[in-house]
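First the structure, in the form of structure tokens, and then the observations on it.
Chains as they are written, first to last, in this note's numbering: chain A, 18 to 71; chain B, 2 to 324.
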């Protein structure tokens, strides 16, 4: 059985995988940034303070 | 799987459905429409009288854009049958055979869930709820329901495209107010004359697909009247918005110039008949369509300019104690 390498297929799949990888990396960075912003706002501190009071 | 079955799975483009590249999935998001969504949502977010952290603002715009793109993917999933019939849309990923309908549906639904939940977490429940309603409105009410049934489809579709600045405003303030409704109204009332001007000089595609366009169902004379009617209401609202929290002298100047020009074109379109239009190859209709593109961009740029000036203590008419 012979196996023919389909170069265009590989190129498209590589492009798709690379694109998806970059999108996921960007999403992780964004969620991390959002988390940092959320936990450093006054609203977040107020919730922590309330729990300490209770 | 035999070679024969592989061959039958191959499409006109010579590729199997699962050969789709990253660009094919990106194309499902209708990136050209997404630019309008991003720009108007950005203006809505910055024009709102509330400060938003840049990272939260970036996340909000991104998830609004992804939500809009997801709606576009679901629109292409549902409309792949008529997309294949129309020259303008026949090269889209599904009719071209690069992406299957099932892939497009799964892709769209996953992005809908992700964008709505992430917008909620990044901003607030109201912004996420309006985004979810916008997607529902565009996909279910417009695409699946009314587009193929009523010649007012452009008006209904325009409503879906008008929500992004309202979502941006809600993301910043957590509320819906007169100003955000006015930004909605600007796009909502602008859409019909914009598309009907195009429909007057672009014929054929929608007839082939069986989509009822006003030019066909009610005639071109009626379409010309509709363009004038909508433009008059649009002009009144656009100029009136100058005296609200999003307006000011810069916006008023832009609104007066562009609405006068758009009204002049709408009156010219109304006064012409088909013989006159064909004699100069729809010169006035083409001009009105091009002007309408600049019209929307200019109005939202002016709102953005007023918001920027406002942050320096300038701009606005000081009617609402804008700081």
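Backbone N, C-alpha and C fix where the C-beta goes; we use that ideal spot for every residue, glycine too.
Which of helix, strand or coil DSSP assigns to residue i
i, result
"residue 79/B", "helix"
"residue 100/B", "coil"
"residue 239/B", "helix"
"residue 34/A", "helix"
"residue 52/A", "helix"
"residue 109/B", "helix"
"residue 52/B", "coil"
"residue 149/B", "coil"
"residue 43/A", "helix"
"residue 8/B", "Because the pLDDT of residue 8/B is 39, which lies under 50, any placement of that residue in the model is unreliable, and the number read from its coordinates should be weighed accordingly. Helix, per DSSP."
"residue 316/B", "coil"
"residue 135/B", "helix"
"residue 281/B", "coil"
"residue 165/B", "helix"
"residue 31/B", "coil"
"residue 1/B", "Because chain B here runs from 2 to 324, residue 1/B falls outside it and cannot be looked at."
"residue 274/B", "coil"
"residue 24/A", "helix"
"residue 85/B", "coil"
"residue 178/B", "coil"
"residue 212/B", "coil"
"residue 260/B", "helix"
"residue 219/B", "coil"
"residue 92/B", "coil"
"residue 203/B", "coil"
"residue 154/B", "helix"
"residue 3/B", "Its pLDDT being 39, under 50, residue 3/B is placed unreliably by the model, and the measurement read from it follows with that caveat. Here residue 3/B sits in coil by DSSP."
"residue 73/B", "helix"
"residue 267/B", "helix"
"residue 247/B", "coil"
"residue 306/B", "helix"
"residue 21/B", "coil"
"residue 192/B", "helix"
Cα-Cα separation between residue i and residue j, rounded to whole angstroms
i, j, result
"residue 147/B", "residue 207/B", "15 Å"
"residue 196/B", "residue 22/B", "32 Å"
"residue 138/B", "residue 55/B", "29 Å"
"residue 159/B", "residue 193/B", "7 Å"
"residue 169/B", "residue 304/B", "13 Å"
"residue 7/A", "residue 224/B", "Nothing about residue 7/A can be reported from this structure: the residues present for chain A run from 18 to 71 only."
"residue 41/B", "residue 294/B", "13 Å"
"residue 32/A", "residue 183/B", "42 Å"
"residue 283/B", "residue 275/B", "9 Å"
"residue 163/B", "residue 191/B", "9 Å"
"residue 134/B", "residue 69/B", "11 Å"
"residue 84/B", "residue 96/B", "7 Å"
"residue 53/B", "residue 36/A", "30 Å"
"residue 238/B", "residue 220/B", "27 Å"
"residue 11/B", "residue 102/B", "Here residue 11/B scores only 44 on pLDDT, less than 50, and its place in the model should not be relied on; the value that follows carries that caveat. If I take the Cα positions, the gap works out to 15 Å."
"residue 80/B", "residue 314/B", "49 Å"
"residue 240/B", "residue 86/B", "41 Å"
"residue 45/A", "residue 129/B", "20 Å"
"residue 63/B", "residue 39/B", "8 Å"
"residue 154/B", "residue 53/A", "44 Å"
"residue 181/B", "residue 46/B", "10 Å"
"residue 250/B", "residue 316/B", "7 Å"
"residue 290/B", "residue 27/A", "43 Å"
"residue 28/B", "residue 71/B", "11 Å"
"residue 94/B", "residue 108/B", "13 Å"
"residue 117/B", "residue 132/B", "7 Å"
"residue 261/B", "residue 33/B", "28 Å"
"residue 256/B", "residue 175/B", "28 Å"
"residue 100/B", "residue 26/B", "8 Å"
Residue i: contacting residues in chain B (beta-carbon distance under 8 Å)
i, result
"residue 56/A", "Residues of chain B passing the Cβ test: none, with the nearest at roughly 12 Å."
Cβ-Cβ separation, residue j to residue i (assumed contact under 8 Å), whole Å
i, j, result
"residue 187/B", "residue 300/B", "6 Å"
"residue 127/B", "residue 171/B", "5 Å"
"residue 76/B", "residue 156/B", "Contact doesn't hold; Cβ gap of about 17 Å is too wide."
"residue 246/B", "residue 50/B", "7 Å"
"residue 165/B", "residue 65/B", "6 Å"
Chain A contact residues for residue i, given Cβ-Cβ distances below 7 Å
i, result
"residue 123/B", "51"
"residue 171/B", "Neighbours of residue 171/B on chain A: none; closest Cβ ~18 Å, over 7 Å."
"residue 60/B", "47, 51"
Under 7 Å from the C-beta of residue i: neighbouring residues of chain B
i, result
"residue 26/A", "20"
Within chain B, the residues that residue i reaches when beta carbons sit closer than 9 Å
i, result
"residue 37/A", "23, 26"
"residue 41/A", "Within chain B, no residue comes near residue 41/A; the closest Cβ sits about 12 Å away, beyond 9 Å."
Under 9 Å by beta carbon: chain A residues contacting residue i
i, result
"residue 118/B", "Within chain A, no residue comes near residue 118/B; the closest Cβ sits about 12 Å away, beyond 9 Å."
"residue 210/B", "Ordered by position in chain A, no residue passes the 9 Å Cβ test against residue 210/B, which lies about 30 Å from the chain."
"residue 56/B", "47, 50, 51, 53, 54"
Cβ-heavy atom distance, residue i to the ligand NAP, below 6 Å
i, result
"residue 155/B", "Among the ligands in the structure shown, none appear at all, so the ligand NAP cannot be discussed."
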